[in-house]
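Since the structure comes first, as structure tokens, the remarks are kept for the end.
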Amino acid sequence: MFHPMMTAALHTMGILVLFLFTHWMATILYTTFCVQTSLVGLAYSFFTASSPMCRTILEIQYRTIGFYDAMFYFISTVIVQTLSGLVQRAKERETKE
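The sequence shown: position 48 = 47 (numbering that gives the first Met the number 0), numbered continuously.
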């Protein structure tokens, strides 16, 4: 059995990987279907960029980026708090001995 903190960390990492994969897939879909190349150079096709499918893919991209930032902040906060707690406990043990 895992420690409850370890279980929470594993679940958090699983969700983070899922959202990163979703963002990656949305990026590939948008690049493949919504960005058209013309003979002059790279340009956005007005018709495809304004289609509902492309708007939905862009929305998924932006939401997963926001979620990624929030999860990164949460994970870094948990790591810092855990390390500071471990240091505090080690100092308390040293003073008791």
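Backbone N, C-alpha and C fix where the C-beta goes; we use that ideal spot for every residue, glycine too. In this text, all values refer to a predicted model and were calculated from it rather than measured experimentally.
Could you round the C-beta distance between I59 and T30 to whole angstroms and report it? I think they count as a contact, below 8 Å.
About 13 Å separates the two Cβ atoms, so there is no contact after all.
Below 8 Å on the Cβ atoms is my contact criterion, and I expect I74 with T6 to pass it. Report the Cβ-Cβ distance as a whole number of Å.
The pair is not a contact, with the Cβ atoms about 15 Å apart (cut-off 8 Å).
For A89, count neighbouring Cβ atoms within 10 angstroms of its own Cβ and tell me buried if that reaches 16, exposed if not.
Label assigned to A89: exposed.
Can you give the beta carbon distance from A25 to I56, rounded, assuming they're within the 8 Å contact cut?
Confirmed, Cβ separation roughly 5 Å.
Using the Cα positions of V77 and F71, report the straight-line distance between them to the nearest angstrom.
Answer to the nearest angstrom: the Cα atoms are 10 Å apart.
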